[in-house]
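S.K.: Questions regarding the structure given below will be posed in turn.
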Amino acid sequence: MSKRIIIDPVTRIEGHAKVSIFLDDAGNVSDAEFHVVEFRGFEKFCEGRPYTEMPGITQRICGICPVSHTLASAKAGDALMAVNIPPAADKLRRLLNLGQFIQSHALSFFHLSAPDFLLGWDTAPAQRNVFGLIAANKELARAGIRLRQFGQEIIEVLGDKKIHPAWAVPGGVRSALSEEGRAKIRAWLPEAFATTKVAFDLWKKTMETHQREIQIFGNFPSLFMGLVAADGTWEHHGGKLRFTDSSGSIIADQIDAQNYLDYIGESVQGTSYLKSPFYKPLGFPEGIYRVGPLARLNVCEQMGVPQADAELKKFKKLGHGAVTSSFLYHYARLIEILASIEYVERYVDDPELSSDYLRADAGINNLRGVGVSEAPRGTLFHDYTVDRNGLLQKVNLIVATGQNNLAMNQTVAQIARHYIRGDGQIPEPMLNRVEHGIRCYDPCLSCSTHAVGQMPLHVQLIAPDGAVLNEVARG
Amino acid sequence: MAAKTLTIDGKQISAEENETVLQAATEAGIKIPTLCHLEGVYDVGACRLCIVEIAGTPKLLPACTTKVAEGMEVKTDSERLRKYRRMILELLFAERNHVCAVCVSNGHCELQALAYSLGMEHVRYDYTFPKWSVDTTHRLFGMDHNRCVLCTRCVRVCWHIEGAGTKNVSGRGAKSKIITDLNQSWGTSDSCTECGKCVMACPTGALFQKGSTVGEMERDRDKLEFIVTAREKKQWIAD
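First to last, the protein sequences are chains A and B.
So the first sequence is numbered by the working numbering: it starts at 1 and just counts up by one.
So the second sequence is numbered by the working numbering: it starts at 1001 and just counts up by one.
Written out as structure tokens, the structure is:
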């Protein structure tokens, strides 16, 4: 008789979710689903508002990645106005996004994920968190918290607030980088580089001891998508979309964000508020693709900054073609932190960031505009349709966690298959690892359903007839 | 003109006949909270935030439309007044959709400032979440009825300073609405001179310059007073 295992709540991710693991008649894992159980309806209640308010409204979707939403929204506004923003504004927006990458990736690595692989998978949940990390290695925890602070300081220097800065606007940005701001950022750089080095050293040791996790934590072929520059360099705010397959071959390149619907379809499932996007030419679910740090490093050819480029070379050697293990999202995240700090170092000495020409001015010149920007968790789309007076008629947001939804299902199934041996039991070590499998993607459910909350974990084992045979919950 | 002597908050004050309690208090350096009052145009007593206690009168009276009288004893601050003022503010917030965090006037809004200064910590009434529209048909300005408190400052400056008579009020009670000309979209108005006085007068984020983003709508109210003084006294005095 087959079963379903449900993990609810899943902890240390941003939001509420649960996991269902389906068993076949022999008691082996047949499938798994990651459900997001919250609904917020941002796309609906933004209708009727002026597009100029959208960078302010949509960033309220999330307190972790408001910057990502405000930037994608501002870009959608640029597209509605049909303007090229002043070069200084583009650089300033990029600097803001780099601050966002640093703070969000540091949060994911040090606060949320490191407790698992540094303290050990089977450490009691009460200790397996950032406080446990502080108790075990105070200096490391402190350095991680301060690295996150560095990213947040960049955001505050530019936008006056660490969270929800009203700064990026359609047409550009509202203020330049001040001299005090430059000095402040510059003073942080040595410490940020030093912390990153410590993190890399730790990670290298972790990889040596976690070969099994690399093998079973979401190691499967899929497509990858991310923004790249015209020459294939890593991108986080500009550039165009590229899809590659698991052999590393480019299957679609330099796609203008305005045409994303020709390439991306969205499937809606009755069991989750999360939509599941897929690569249209291959259909659903064959068109499964991953976004985020792993995908961005797979689709790009170089980082464009020396230290991160050296790491990228080592990273690329871990795969045959593309790097396909989702456990290596952590590694990709560290490389992106390093690249971000190197880019910040460049911008901090760029005189153009003091320019007072920061905002293009225009009315509505397109009735539809798409803004695409890389959020720490992956490519973020804001697609707005307005009337001639600039009031929103339709809003479609495609966020990273949604795009990784199918990959998270596969990751959970792969881990469950490794641990469930047809005896109808839910082995305790499996729960921790399933949770971590999800954590590799650093999912943000607040963003993906445009929902908020904490993430409890609930696993159900479900029979083919739908009966719940066994379940474990913790909150 | 005969002078009147009265006491406001225990302070002996001499005021000119025909002055309002609000004017007399302001001249004496006593601050009374206001919302619909705007220097440069006449008062209508619409918002009731400037209510005061007057000895011998059981009712609370608006300071902006109550004339001074000989021997009058006025109290501008008491627990009872604070309670009613907070209640008025809560009703204003409950009546329309005031979302400060994403409003164009965030940080420069008189309604928001009053809520802070009068200690409005929460709204005890159910929000009504009415469905109001935004009019951005005008070339330069926008009107968001969600943020409107029906103070009619815009109507008064339009009629009595600019003299265009474009803005008006339609409907009754909570369904009242600021309209343009014959209740048409602002962009189609024949009478609007695009002077922007209504935008300068608005205390909240209801009237704004198009393209404004969160917290960007700052207003220069002194311009209105400057124009009125210049017109009436032939004195061009700017701060």
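Ideal Cβ positions, reconstructed from N, Cα and C, are used throughout, including at glycine.
Run through DSSP, which three-state label would residue 203(A) get?
M.R.: For the purposes of this step, residue 203(A) is taken as residue 203 along the first sequence, with counting starting at 1. Of the three classes helix, strand and coil, the one that applies to residue 203(A) here is helix, per DSSP.
S.K.: Ignoring anything shorter than 3 residues or poking outside the region 1046 to 1076 of chain B, list the beta strand (DSSP E) runs there in chain order.
M.R.: Those beta strand (DSSP E) runs which fall completely within the region 1046 to 1076 of chain B and span 3+ residues are 1051 to 1054, 1073 to 1075.
S.K.: Is the distance from the Cβ of residue 1166(B) to the Cβ of residue 1188(B) below 8 angstroms?
M.R.: Within the second sequence, the letter at position 166 stands for residue 1166(B). Within the second sequence, the letter at position 188 stands for residue 1188(B). The answer is no: Cβ separation not under 8 angstroms.
S.K.: Can you find a CB in chain A that lies within less than 8 angstroms of the CB of residue 1101(B)?
M.R.: For this step, residue 1101(B) is matched to residue 101 along the second sequence. Yes, its Cβ sits closer than 8 angstroms to a Cβ of chain A.
S.K.: Can you give me the Cβ contacts of residue 240(A) inside the same chain, cut-off strictly under 8 angstroms, excluding the 5 residues immediately before and after it?
M.R.: Residue mapping note: residue 240(A) aligns to position 240 of the first sequence, counting from 1. Excluding positions up to five away in sequence, the list reads 227, 228, 230, 253, 254, 255, 256, 257.
S.K.: Would you kindly work out how many angstroms separate the C-alpha atoms of residue 454(A) and residue 20(A), rounded to a whole number?
M.R.: In the first sequence, residue 454(A) corresponds to position 454, counting from 1. In the first sequence, residue 20(A) corresponds to position 20, counting from 1. Any reading at residue 454(A) must be qualified, since the residue scores a pLDDT of 35, below 50, and its modelled position is unreliable; the value itself is stated next. If you take the alpha carbons of residue 454(A) and residue 20(A), they lie about 18 angstroms apart.
S.K.: How should residue 1122(B) be labelled, buried or exposed, when 16 other C-beta atoms within 10 angstroms of its C-beta is the threshold for buried?
M.R.: Numbered from 1 along the second sequence, position 122 holds the residue referred to as residue 1122(B). Exposed: under 16 other Cβ atoms inside 10 Å.
S.K.: Can you name the residues of chain A whose CB is closer than 8 angstroms to the CB of residue 1142(B)?
M.R.: Here residue 1142(B) refers to the residue found at position 142 of the second sequence. In chain order: 50.
S.K.: Given a threshold of 16 other Cβ atoms within 10 Å of its Cβ, counted over all protein chains shown, does residue 131(A) qualify as buried or as exposed?
M.R.: Sequence index remark: in the first sequence, residue 131(A) carries index 131 (1-based). Per the 10 Å Cβ criterion, exposed.
S.K.: Determine the closest residue to residue 350(A) out of 277(A), 307(A), 388(A), 186(A), with distance taken between C-alpha atoms.
M.R.: Here residue 350(A) is taken as the residue at index 350 of the first sequence, counted from 1. The candidate whose alpha carbon is nearest that of residue 350(A) is 186(A).
S.K.: Check whether the Cβ of residue 285(A) lies closer than 8 angstroms to any Cβ atom in chain B.
M.R.: As a first step, residue 285(A) must be located in the first sequence, where it is residue number 285. No, because no Cβ of chain B sits closer than 8 angstroms to the Cβ of residue 285(A).
S.K.: Could you check the C-alpha separation between residue 46(A) and residue 305(A) for me, to the nearest Å?
M.R.: Counted from its first residue, the first sequence places residue 46(A) at position 46. Counted from its first residue, the first sequence places residue 305(A) at position 305. The straight-line gap from Cα to Cα measures roughly 39 angstroms.
S.K.: Taking just the CA atoms, how far does residue 308(A) sit from residue 294(A)?
M.R.: Stepping through the first sequence from its first residue, residue 294(A) is reached at position 294. Stepping through the first sequence from its first residue, residue 308(A) is reached at position 308. C-alpha separation (whole angstroms): 14 angstroms.
S.K.: Closest to residue 1195(B) by CA distance: which of 1159(B), 1058(B), 1175(B) is it?
M.R.: As a first step, residue 1195(B) is located in the second sequence; it is residue number 195 there, counting from the start. Closest by alpha carbon: 1159(B).
S.K.: Helix, strand or coil for residue 417(A) per DSSP?
M.R.: In the first sequence, counting from the first residue as 1, residue 417(A) sits at position 417. In the structure shown, residue 417(A) sits in a helix (DSSP, three-state: H, G or I).
S.K.: Note down, in chain order, each residue of its chain lying with its Cβ closer than 6 angstroms to the Cβ of residue 196(A), except the 5 sequence neighbours on either side.
M.R.: Numbered from 1 along the first sequence, position 196 holds the residue referred to as residue 196(A). Correct list, in chain order: 337, 338.
S.K.: Tell me whether residue 1081(B), by its Cβ, gets closer than 7 angstroms to a heavy atom of the ligand FMN.
M.R.: Ligands are entirely absent from the displayed structure, and the ligand FMN is therefore not among its contents.
S.K.: Can you name the start and end residues of the alpha helix (DSSP H) that residue 105(A) belongs to?
M.R.: For the purposes of this step, residue 105(A) is taken as the residue at position 105 of the first sequence. Taken as a continuous stretch (DSSP letters only), the alpha helix (DSSP H) holding residue 105(A) covers 87 to 106.
S.K.: At what residues does the alpha helix (DSSP H) containing residue 212(A) begin and finish?
M.R.: Your numbering for residue 212(A) matches position 212 in the first sequence. Here the alpha helix (DSSP H) through residue 212(A) covers 211 to 216.
S.K.: Of all the CB atoms in chain B, is at least one closer than 8 angstroms to the CB of residue 293(A)?
M.R.: Taking the first residue of the first sequence as position 1, residue 293(A) is located at position 293. Not closer than 8 angstroms to any Cβ of chain B, the Cβ of residue 293(A) fails to qualify, so no.
S.K.: When Cβ atoms are compared, which residues of the region 1058 to 1081 of chain B fall closer than 9 angstroms to chain A?
M.R.: Hits within the stretch: zero.
S.K.: Using a Cβ-Cβ distance under 8 angstroms, would residue 257(A) count as near chain B?
M.R.: Counting from 1 along the first sequence, the entry for residue 257(A) is found at position 257. So no, residue 257(A) is outside the interface.
S.K.: If we define contact as Cβ-Cβ less than 8 angstroms, is residue 55(A) a contact residue for chain B?
M.R.: Against the first sequence, residue 55(A) aligns to sequence position 55. Yes, its Cβ sits closer than 8 angstroms to a Cβ of chain B.
S.K.: Who are the near neighbours of residue 1030(B) in its chain, counting only those whose CB is closer than 8 angstroms to its CB and skipping five residues on each side?
M.R.: Translated into positions along the second sequence, residue 1030(B) becomes position 30. Here the set comprises 1008, 1009, 1011, 1076.
S.K.: Using beta carbons (cut-off 8 angstroms, strictly below), is residue 391(A) in contact with chain B?
M.R.: In the first sequence, counting from the first residue as 1, residue 391(A) sits at position 391. For residue 391(A), the answer is yes, since a Cβ of chain B falls inside 8 angstroms of its Cβ.
S.K.: Would residue 1134(B) count as contacting chain A if we go by Cβ distances under 8 angstroms?
M.R.: Along the second sequence, one-based indexing puts residue 1134(B) at 134. By this cut-off, residue 1134(B) is an interface position.
S.K.: Would you list, in chain order, the members of the region 155 to 187 of chain A that have their beta-carbon closer than 7 angstroms to a beta-carbon of chain E?
M.R.: No chain E is present in this structure, whose protein chains are A and B.
S.K.: Can a CB atom of chain B be found closer than 8 angstroms to the CB of residue 128(A)?
M.R.: Numbered from its first residue, the first sequence carries residue 128(A) at position 128. Taking Cβ atoms only, chain B never reaches closer than 8 angstroms to residue 128(A), which makes this a no.
S.K.: At 7 angstroms on the CB atoms, spell out the chain A contacts of residue 1137(B), in chain order.
M.R.: Sequence index remark: in the second sequence, residue 1137(B) carries index 137 (1-based). Simply 389.
S.K.: DSSP puts residue 1005(B) in a beta bridge; with which residues?
M.R.: For the purposes of this step, residue 1005(B) is taken as the residue at position 5 of the second sequence. 1014(B).
S.K.: How should residue 1237(B) be labelled, buried or exposed, when 16 other C-beta atoms within 10 angstroms of its C-beta is the threshold for buried?
M.R.: As a working note, residue 1237(B) is residue 237 in the second sequence. Classification for residue 1237(B): exposed.
S.K.: To which residues of the same chain is residue 1082(B) closer than 8 angstroms at the C-beta, ignoring the five residues directly before and after it?
M.R.: Residue numbering aside, residue 1082(B) sits at position 82 when the second sequence is read from its first letter. Closer than 8 angstroms at the Cβ level, and outside the excluded window around residue 1082(B), lie 1118, 1119.
S.K.: Comparing C-alpha positions only, which one of 128(A), 169(A), 379(A) sits nearest to residue 56(A)?
M.R.: Numbered from its first residue, the first sequence carries residue 56(A) at position 56. It is 169(A) whose Cα lies nearest to the Cα of residue 56(A).
S.K.: Does residue 1170(B) get closer than 8 angstroms to chain A when you measure Cβ to Cβ?
M.R.: Taking the first residue of the second sequence as position 1, residue 1170(B) is located at position 170. No, residue 1170(B) lies away from the interface with chain A (no Cβ there is under 8 angstroms from its Cβ).
S.K.: Counting only beta-carbon separations shorter than 8 angstroms, does residue 368(A) have a partner in chain B?
M.R.: Position 368 of the first sequence, counted from the start, is the residue given in the question as residue 368(A). False, the Cβ-Cβ gap to chain B never drops below 8 angstroms.
S.K.: List the DSSP bridge partners of residue 382(A).
M.R.: Here residue 382(A) corresponds to residue number 382 of the first sequence, with the count starting at 1. According to DSSP, residue 382(A) bridges with 371(A), 397(A).
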